[in-house]
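Engineer: Starting off with a structure, shown below.
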Amino acid sequence: MELIGKRIRIIPMEIEHAYLMREWGVHENPLLFDYNLPPLSDEEIEEWYHYKTRGYNRKYYSVFNKENRLIGYMGIKYIRKILKESTLGIVFDPNYINKGYGTESILTFLDYYFNKLNMRKMYLDVAKFNKRAIRCYEKCGFSIVNMYIDEFFDQNLDFKNPYFLKEQSSFVLKNGKVYNYIYKMKIDKNTYLKKREEIDTKQNRD
Ligand SMILES: CC(C)(COP(=O)(O)OP(=O)(O)OC[C@H]1O[C@@H](n2cnc3c(N)ncnc32)[C@H](O)[C@@H]1OP(=O)(O)O)[C@@H](O)C(=O)NCCC(=O)NCCS
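If you count the sequence shown from 1, you need to add 37 to reach this note's numbering.
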């Protein structure tokens, strides 16, 4: 399987791709540290790769740009074949974010997901503070269907950090613990098809 977009190419993730991720940049925003790949040994990379790719209910893919550089990975997890739904995960090299690659990759993947795999719905979970990701998902046609609260991955977060201060309303501090709001977003096949038409019409006009 190979999915081709204007500036990207999506193929199933291979172990070699996982090694390349060690060359990625780092997020300076501490709220996104969970997406920085920590320094990992070859063995740990292999473990990570096997965790991501093993199992019948998840599938992971690598995203390359036209210069054949690995710029991100994406996957579907919690695949429910009978209900024809799953949950999206996507992480790009911090050096390649905010350049439209995320939106293009998701739209390219959705075409395959709905039209070839014949799936019906896709969900995702995104932190309320992650405005860039939310904007990207909305551009692809996802909308918020629910909100819940979860423990934040870093319980030692610096409350004076400007990134935190800016997004304070997305957090709840209770009984000495740090929680944050998470949005559940969803797209179904009809919404995707309408969004696609809207995007194609706009592109033909411009
Ligand atoms: C989330 C992610 C995949 C999105 O991909 P991307 O290539 O960066 O996204 P795009 O460039 O296609 O779109 C980003 C949009 O957000 C907008 N944006 C950026 N920062 C923003 C902010 N602080 N507030 C609001 N919008 C913002 C951009 O302007 C762009 O919208 P536009 O095209 O209307 O101008 C990528 O940023 C990433 O990997 N981030 C780190 C990991 C992560 O957060 N993963 C998601 C977990 S749910």
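The beta-carbon is built from N, C-alpha and C at its ideal position, and this holds for glycine as well.
Being a predicted model, the structure only gives us computed values, none of them experimental.
1. According to DSSP, is G178 part of a helix, a strand, or is it coil?
2. So is L202 buried or exposed if we call it buried at 16+ other beta carbons inside 10 Å?
3. Assuming C173 and G213 make a contact with CB atoms under 8 angstroms, what is their CB distance in whole Å?
4. Flag this pair as touching only if the region 175-183 and the region 224-234 have three or more C-beta atom pairs under 8 angstroms; answer yes or no.
5. Between the alpha carbons of L195 and N73, how many angstroms are there, rounded?
6. Helix, strand or coil for F196? Go by DSSP, reduced to three states.
7. Looking at C-alpha atoms only, which residue of I41, R157, N241, Q205 is the closest neighbour of K168?
8. Check L147 in the structure and name its three-state DSSP category.
9. Mind checking who L40 pairs with in its DSSP beta bridge?
10. Work out the CA separation of Y218 and F190 for me, nearest whole Å.
11. When you compare the region 89-108 with the region 147-159, are there three or more beta-carbon pairs, one atom per stretch, that lie closer than 8 angstroms?
12. Considering only heavy atoms of ligand 1, does any lie closer than 7 angstroms to the CB of N132?
Structural biologist: A quick look at the data gives this:
1. coil
2. exposed
3. At roughly 34 angstroms, the Cβ-Cβ gap does not stay under 8 angstroms, so C173 and G213 are not in contact.
4. yes
5. The sequence given here places Asp at residue 195; Leu does not occur at that position. Distance between the alpha carbons of D195 and N73: 18 angstroms.
6. coil
7. Q205
8. helix
9. I47
10. 12 angstroms
11. no
12. no
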